[in-house]
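The opening position of the sequence shown corresponds to residue 0 in numbering that gives the first Met the number 0, with each subsequent residue numbered one higher.
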Amino acid sequence: MGQYFENTKLPSNIIKHESFVLGNKFIFCTDNGVFSKDGLDFGSRLLLESIPLEAVGGKVLDMGCGYGVLGIVLNKILSCEVDMVDVNLRALHLCDLNIKENKCSNIKAFESNCYEKINSKYSCIITNPPIRAGKKIVYEMVMNAKNYLEEEGNLFLVIRKEQGAKSLIVDLKEIYNVEILNKKKGFFIIRCNSK
């Protein structure tokens with residue numbers, strides 16, 4: 000579970016990976032101690048390929064950003080303003096490297112335990128939540144998003160069926176309008192907005 004929290008005992012070994020997403024080439028630096036260190040994971044790719052890009056504009060928050068894939072791809076493709084947050088300092092260092100590597104602008108990465116240091120509202124919050132960090136953290140990320148979304152804002156997330164997608168969807172429906180945008184290989188892409 001070290002990738003979800005700061006783990007300075009793991010030796011650093013930064014590797015660059017090339018990814019093509021939505022017709023664009025990206026370079027992502029990864030390292031030991033971060034999620035999906037071997038390159039872009041299937042769930043994040045499916046999330047990016049499934050969300051309606053026209054619903055993303057405005058200011059975007061990448062919650063639990065890891066090394067920055069979601070926020071960086073949206074920033075480059077849509078030229079939108081992006082905040083990226085995580086608790087893992089190694090992941091945030093990689094975000095900074097990846098922002099430079101992909102020549103992004105109007106984007107920043109900073110440390111925040113869920114919404115602890117967030118004081119803005121967003122038109123879009125996007126997340127591939129850290130399931131192994133536990134249900135409490137995942138629910139904090141997705142249920143509390145409503146307090147940081149603008150009135151017409153959207154929360155987009157990916158979760159696997161075997162990691163509790165169906166029960167999470169039931170719980171999300173208590174506070175959001177919920178739409179399943181895509182299902183593939185056990186991954187659910189979910190859109191939530193205010194009731």
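All C-beta atoms, glycine included, are put in the ideal place defined by N, C-alpha and C.
All values derive from a computational prediction rather than experimental measurement.
Asked	Found
Applying the 10 Å Cβ sphere with the 16-neighbour rule, what's the burial state of PRO129?	buried
Considering only C-alpha positions, which residue in the set GLY133, LYS194, VAL81, CYS64 is nearest to LEU39?	CYS64
Taking the straight line between their C-alpha atoms, what separation do you get for ARG159 and ILE189?	11 Å
Which term fits PHE19, buried or exposed, when burial requires 16 or more other beta carbons within 10 angstroms of its beta carbon?	exposed
Closest to ALA108 by CA distance: which of PRO51, VAL68, ALA132 is it?	VAL68
Roughly how many whole angstroms lie between the Cα atoms of ALA90 and THR29?	8 Å
Please classify GLY42: is it buried, with 16 or more other beta-carbons within 10 angstroms of its beta-carbon, or exposed?	buried
Can you give the Cα-Cα distance for ASN12 and GLU173, rounded to whole angstroms?	43 Å
Helix, strand or coil for CYS123 per DSSP?	strand
Taking the continuous alpha helix (DSSP H) assigned at GLU53, which residues delimit it?	From DSSP, GLU53 is part of no alpha helix (DSSP H); its letter is neither H nor E.
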